[in-house]
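Everything on this sheet refers to the single structure shown next.
There are 2 protein chains.
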Amino acid sequence: MNFKVIHRDVSSRARCGELITDHGMVETPVFMPVGTQGSIKTLTPEDVERSGTTMILNNTYHLYLRPGADVIYSMGGINSFIGWNHPVVTDSGGYQVFSLADLRTVSEEGVMFQSHIDGTYHFFTPEDIIEIQRKIGADIIMPLDRPVHYPVEKIEAQSANRITIQWAKKSLDAFHSGINYHPYEQSLFGIVQGSIFQDLRKLSIEEITMLDFPGYAIGGLSVGEPKAALYDIASFTADLLPENKLRYLMGVGKPEDLVECIEFGVDMFDCVLPTRVGRNGWAYTHTGRVVVKNSVYKSDPSPIDELCDCYACRHFSRAYIRHLFNAGEMLGPRLTSLHNITFYQRLMNSAKEAIRNDAYLNWKKQFLGMYHSDIASEKEQGERL
Amino acid sequence: MNFKVIHRDVSSRARCGELITDHGMVETPVFMPVGTQGSIKTLTPEDVERSGTTMILNNTYHLYLRPGADVIYSMGGINSFIGWNHPVVTDSGGYQVFSLADLRTVSEEGVMFQSHIDGTYHFFTPEDIIEIQRKIGADIIMPLDRPVHYPVEKIEAQSANRITIQWAKKSLDAFHSGINYHPYEQSLFGIVQGSIFQDLRKLSIEEITMLDFPGYAIGGLSVGEPKAALYDIASFTADLLPENKLRYLMGVGKPEDLVECIEFGVDMFDCVLPTRVGRNGWAYTHTGRVVVKNSVYKSDPSPIDELCDCYACRHFSRAYIRHLFNAGEMLGPRLTSLHNITFYQRLMNSAKEAIRNDAYLNWKKQFLGMYHSDIASEKEQGERL
């Protein structure tokens, strides 16, 4: 893996970069749609490509449970299995174990949990998580971490931070000593935790960057904290991370969050939001979010967003898409998911262009002036799979 | 609308033809996937085009209930509403009223029924059905008919037959005297009923063909009758229909049914089977049906059908598709639906080529020798929406 910063915006800390992996090049800042179980819900790889997506995230926890890392390995790895010929990231499963699974017990060795699917017991050590991700075969993989929710007592955040650092060391050892099952390079990132406590974030960064990972994820945000805290901590953390390494803000976020955090010099984002709200009949437009399944659109001949050139907007009216949702047709969620991902990618392309033109702050102001973020609860923001 | 027979197979009664409508040309014999509610479930018009589909069927009953004929009319008609630029057929709603709806009361005037969605009361006259289909705007539309299930007492079949003939006359009058809401031609077909009784079929044909429709549908089959009865009546009825008019066998069927009934000179088919069984994880191959969601395919790297060039078969293994079904991912039903429709259309293309080569019987023998029809119940065969 090779990453270099290509251009720094003069008006902000925003930056453009190039990430080169054995599955191709990715321009940053990049937004990765989430294929929880090896599928960006409702969409084919062809659809995802057409949306402008260049890299996706898959969830190790889900793929470990179904179909299992060995199945994916036997099928030639995740790219071959899911038919996606571009870079893939897998997360560590930490977030899912601590949010989805039942009856967790954490020790220094790892975490015991019950599958949310069938209640079976499983035990993840940091070493297991490396081995599983080695088999799955994503280009970028993550060490097991111990995220905490918001709000959290500082003492708990401190303890989670300590264990995350220990696990990072074990993960790195396992990564270097273990087998590479696939004929291409995988890269292990470090994850910074510390909740909303600046001193814990600082400590985490010091310890994690000492291990010299090729990229650093900012974890433990978008878990229910107020918007201001998300931005403050993202900004604070991004600032302390090495200038020449990738910065990946995990699980964030809404369009306005991407726009804000790109300004802090974040390079990578992932979030289930565009597909999740899409399945719920909500669509993003340049002026804000539209609940396209509402009956007010019953006879509306206009597309979801007049400025969008995605397949859904080129061919279908709000009236038709509203009908699809109303009649329970699967094509509805499919079209809004496709549209929403395209919206996100167009947003990222527009942001990159603004950075290259040294006009990021102006562009951001223009975008936010037009785009009315809705009043959806912070809880929704925090929901990840 | 213009239809002409282009070639008659010398080895059988099978024939190739060309149907020309204002939305384009269709080669016959043709199989129409069913877009019950204005969507071939899970698929876009682009997918449907790529499958080789040239004409589709939509259900008047469903579209009348949701979103309503006026909405479709205000959106410029069915083609514009659903984004399909090729010919469309709508059925009369008769089958759905008599199979899906609750509490039907039939009189000579029409049929009163309760919506299966919300229990609201509705009344369809033959004239209403013409008006609704005029607004929806399909190229080929159907008169309200009175189908009967199997088994049925002859006296009941007789009475249904009588009412179907009366309604056909009223429909034709309404069609000629009513408004054409769209700037293109619509054609009204006649429907032959009579259950499995040859004398009733003969009577129905005599009465209905006297009205001189541009095409004739064979209704009342694929409603639970034994396979032999389906073939006998389809053959008997097709034989008595005018040589120079389209023959449309409604609601049929399985791949082997198409192959058998093309031999009798049937030109048009529709059936929900390829999409319905596709959503259930069943896929057609040249050797028979495969239950691709079965765990036996957990690590199977082969495509659904090695002889298929559809998007699903070019890009995905049985292992992946099985995983999608197992994990409840919508992409599973989407891929198998696409594959199944493609399988049907390739079958039709192959049949047409055999006819043009005067080798239909040989081709049929070859196909059936390779294709093992499964033991699924006749009931499943009869299930239509």
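If you read the protein sequences in the order shown, they are chains H and U. Under the numbering used here, think of the first position of the first sequence as 1, with each following residue one higher. Under the numbering used here, think of the first position of the second sequence as 386, with each following residue one higher. The beta carbon of each residue, even a glycine, is placed where N, CA and C say it ideally should be.
Which stretch, first to last residue, makes up the beta strand (DSSP E) that contains C310(H)?
Unbroken run through C310(H): none, as it is neither H nor E.
Amino acids of chain H, ordered along the chain, whose beta-carbon sits closer than 7 Å to that of A712(U)
Q37, R66
Check the Cβ of G83(H) against every Cβ in chain U and list those closer than 8 Å, keeping chain order.
H700, F701, Y705
So, does the CB of V456(U) fall closer than 8 Å to a CB anywhere in chain H?
yes
With distances taken from CA atoms, which of L203(H), I129(H), G194(H), S187(H) is nearest W167(H)?
I129(H)
Out of curiosity, what's the CA-to-CA distance linking K683(U) and V644(U)?
32 Å
Have a look at F31(H) and D257(H) and give me their C-alpha separation to the nearest angstrom.
12 Å
Counting only runs of 4+ residues fully inside the segment 630-671 of chain U, write out the alpha helix (DSSP H) ranges in chain order.
640-648, 658-664
How about S459(U): is its C-beta nearer than 8 Å to some C-beta of chain H?
yes
Report yes or no: do the segment 205-224 of chain H and the segment 179-189 of chain H share at least 3 C-beta pairs separated by less than 8 Å?
yes
How far does the alpha helix (DSSP H) with Q96(H) in it reach, from first residue to last?
94-99
Grouping DSSP H, G and I as helix and E and B as strand, with all else coil, what is I20(H)?
strand
Excluding five sequence neighbours on each side, which residues of the same chain lie with their C-beta closer than 6 Å to the C-beta of Y371(H)?
G288
Let's test the definition: count the other Cβ atoms within 10 Å of the Cβ of V395(U) and tell me whether it reaches 16, buried, or not, exposed.
exposed
What whole-angstrom Cβ distance do F728(U) and D690(U) have, given they're in contact under 8 Å?
7 Å
Applying a beta-carbon distance threshold of less than 7 Å, which residues of chain A neighbour H323(H)?
The question asks about chain A, but that chain is absent: this structure's protein chains are H and U.
Using 8 Å for Cβ pairs, my map puts A60(H) next to P33(H). What's the rounded Cβ distance?
The residue asked about is misnamed: residue 60(H) is Thr in this sequence, not Ala. Between P33(H) and T60(H) the Cβ distance is about 17 Å, and since that is not below 8 Å, they are no contact.
Check whether the segment 113-123 of chain H touches the segment 146-165 of chain H, counting contact only when three or more Cβ pairs, one atom from each stretch, lie closer than 8 Å.
no
Residues that S299(H) contacts on chain U, provided the C-beta gap is smaller than 9 Å
P452, D455, V456, S459, M460
Using a Cβ-Cβ cutoff of less than 6 Å, which residues in the same chain neighbour R194(H) once the five nearest sequence positions on both sides are dropped?
As written in the sequence, residue 194(H) is Gly, which differs from the Arg given in the question. Excluding residues within five positions, the ones whose Cβ falls inside 6 Å are N161, L200, R201, S204.
So, using beta-carbon positions, are P126(H) and P143(H) closer together than 8 Å?
yes
Proximal chain H residues relative to T427(U), where beta-carbon distance stays under 9 Å
T42, E329, M330, L331, R334
Would you please verify whether the beta carbon of Y181(H) is less than 8 Å from any beta carbon of chain U?
no
Can you give me the C-alpha to C-alpha distance between E538(U) and H561(U), rounded to a whole angstrom?
35 Å
Which residues of chain H have a Cβ atom closer than 9 Å to the Cβ of Y696(U), listed in chain order?
T44, E46
Have a look at F649(U) and C401(U) and give me their C-alpha separation to the nearest angstrom.
12 Å
Have a look at D145(H), K170(H), K169(H) and flag the residue whose alpha-carbon is nearest the alpha-carbon of Q158(H).
D145(H)
Rounded C-alpha distance that separates M75(H) from Y284(H)
36 Å
On the three-pair Cβ rule with 8 Å, is the segment 65-72 of chain H touching the segment 699-716 of chain U?
yes
Any 3 or more C-beta pairs closer than 8 Å across the segment 404-415 of chain U and the segment 460-480 of chain U
yes
Starting from the Cα of D309(H), find the closest Cα among F3(H), P255(H), Q345(H), I6(H) and give me that residue.
Q345(H)
What does the alpha-carbon distance come out to for the pair P301(H) and R318(H)?
6 Å
Three or more beta-carbon pairs under 8 Å between the segment 249-256 of chain H and the segment 218-238 of chain H, yes or no?
yes
Any beta carbon of chain H sitting closer than 8 Å to that of E763(U)?
Confidence in E763(U) is poor, its pLDDT being 39 and thus under 50, which makes the residue's placement too unreliable to answer from.
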